[in-house]
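Each remark here refers to the structure printed beneath this line.
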Amino acid sequence: MAANGQQLFEPVLAAHSTMSAQVDRAQKEQAHQYLEQFQKSQEAWTTTLAIIESNSADAGAKMFAATTLKGKIIYDLHQVPRAQLPELRASIMRNLLNFHAGPKPIRVQLCLCLANLAIQMTEWKDVLKDVISAFSSNLANLPCILDFLHVLPEEVTHGRKIALTVRPNEPRPMIKPRQSPVAPTYASRVVV
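Residue numbers (numbering that gives the first Met the number 0): 0 to 191.
Written as structure tokens, this is what we have:
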């Protein structure tokens, strides 16, 4: 499987490295066009996740993959069947756990992926509770929670062209009403 995964994203890694290599302008333009087409493709969903999970891809390639995944979630989520959204969410959360210690830019991009998925995945009712529960078992995961809590309100309020309601004039709460707060319980475990 690793060889197949490697073959799946090898052209993307090659084009990505061409962009930072000392090559002629025509080669960079060709690589740029390839990467733009890749970002619009259906295959980008699986390829970006494979790059992020790969041991052979460098941090720059993983950052490109995480940024591409964020763009796919914002603009192309309609390409993913609704029934597969929980699997996508689980994959993002699993990868976020793998980057709990950094590099921070990749971790933040994955938090942005999760936040934008939460905004559009109307069937995900307990976003904050689920995210905090998933990452609160280990204090080393605290950066994941803090980054997510930092980017979520920014993504909700910065005028993205994402449908923020289930139906017109019906806002979707990120926490169920009358739910006890989860954050204070977890925050009390943090030593300053």
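All C-beta atoms, glycine included, are put in the ideal place defined by N, C-alpha and C.
1. Spatial neighbours of Glu122 within its chain, please: CB distance less than 8 Å, with the 5 preceding and 5 following residues excluded, ordered by chain position.
2. With a cut-off of 8 Å on the beta carbons, I'd call Phe8 and Ile72 a contact; round off their distance for me.
3. Which stretch, first to last residue, makes up the alpha helix (DSSP H) that contains Arg88?
4. Skipping 5 residues on each side, what residues in its chain have a beta carbon closer than 6 Å to that of Ala64?
5. Assuming His15 and Ala60 make a contact with CB atoms under 8 Å, what is their CB distance in whole Å?
6. So, with DSSP's three-state summary, where would you put Thr46?
7. Among Leu113, Gly101, Lys103, which has the Cα closest to the Cα of Lys69?
8. DSSP state of Val126, grouped into three classes?
9. Measure the C-alpha to C-alpha separation of Pro10 and Ala89 and round it to an integer number of angstroms.
10. For a quick check, are the C-beta atoms of His99 and Ala58 less than 8 Å apart?
11. For Gln36, which of helix, strand or coil comes out of DSSP?
On the basis of the coordinates in this document:
1. Within the sequence shown, numbered from 1, the residue matching residue 122 stands at position 123. The answer, listed in chain order, is Arg81, Leu84.
2. The residue you call residue 8 lines up with position 9 of the sequence shown. The residue you call residue 72 lines up with position 73 of the sequence shown. Phe8 to Ile72, Cβ: 18 Å. No contact.
3. The count along the sequence shown starts at 1 and reaches residue 88 at position 89. Element bounds for Arg88: 84-97.
4. Counting from 1 along the sequence shown, the entry for residue 64 is found at position 65. Excluding sequence neighbours, Ala64 sits near Thr47, Ile50, Ile51.
5. Within the sequence shown, residue 15 is the residue found at index 16, counting from 1. Within the sequence shown, residue 60 is the residue found at index 61, counting from 1. Their Cβ separation, rounded to whole angstroms, is 5 Å, which keeps His15 and Ala60 in contact under 8 Å.
6. The count along the sequence shown starts at 1 and reaches residue 46 at position 47. Helix.
7. On the sequence shown, residue 69 is found 70 positions in, with the first residue counted as 1. Minimum Cα distance to Lys69 is reached at Leu113.
8. Along the sequence shown, read from residue 1 onward, the residue named residue 126 stands at position 127. Here Val126 sits in helix by DSSP.
9. For the purposes of this step, residue 10 is taken as the residue at position 11 of the sequence shown. For the purposes of this step, residue 89 is taken as the residue at position 90 of the sequence shown. Roughly 26 Å between the two C-alpha positions.
10. Numbered from 1 along the sequence shown, position 100 holds the residue referred to as residue 99. Numbered from 1 along the sequence shown, position 59 holds the residue referred to as residue 58. Cβ distance not < 8 Å, so His99 and Ala58 don't count as in contact.
11. Translated into positions along the sequence shown, residue 36 becomes position 37. It is helical.
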